[in-house]
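Residue numbers (the numbering used here): 91 to 237.
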């Protein structure tokens, strides 16, 4: 009779363990789904101007361009925005195209050096409103003379 009680107690403990594992698994699935829904809602949220946000924390304008300060302003983003916050020479605050700041992609170091040697010491690029099309000023990029 005693052996039967021990076997029954072991079976009861096993049922409890299985039930706990099932409950914890269900809870993990619910938490995962809730987190995914929350993240999706945050990514598809609109900014204060009613514009959609991208999958990053940068807001997105009507043309689909992201805009904002450098990645330090928005957390650890893998890439910066398409339109980077800048101050124009006239004091207006707007955005410059990230591609204007970077210049073209070069296939070889020689090609890059040739392009660089053809650039003026000071180069003007347009400063835009966040729409990426309305020009509100200019930004002067200065490169060192290598001295």
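C-beta: ideal position from N, C-alpha, C; glycine also. All figures in this text were calculated on a predicted structure; none of them were measured in a lab.
CB contact flag (residue i, residue j, <7 Å)
i: residue 185; j: residue 220; result: yes
i: residue 159; j: residue 148; result: no
i: residue 227; j: residue 151; result: no
i: residue 190; j: residue 215; result: yes
Coarse secondary structure for residue i, derived from DSSP in three states
i: residue 172; result: coil
i: residue 149; result: strand
i: residue 224; result: coil
i: residue 115; result: helix
i: residue 194; result: coil
i: residue 204; result: helix
i: residue 99; result: helix
Which residues DSSP lists as bridging residue i, in chain order
i: residue 230; result: 214
i: residue 187; result: 173
i: residue 156; result: 150
Cβ distance (whole Å) where residue i is taken to contact residue j below 8 Å
i: residue 217; j: residue 178; result: 4 Å
i: residue 155; j: residue 175; result: Not a contact, Cβ separation roughly 13 Å.
From the options, residue whose alpha carbon lies closest to that of residue i
i: residue 171; options: 116, 222, 114; result: 222
i: residue 212; options: 193, 230, 200; result: 230
i: residue 169; options: 198, 103, 188; result: 188
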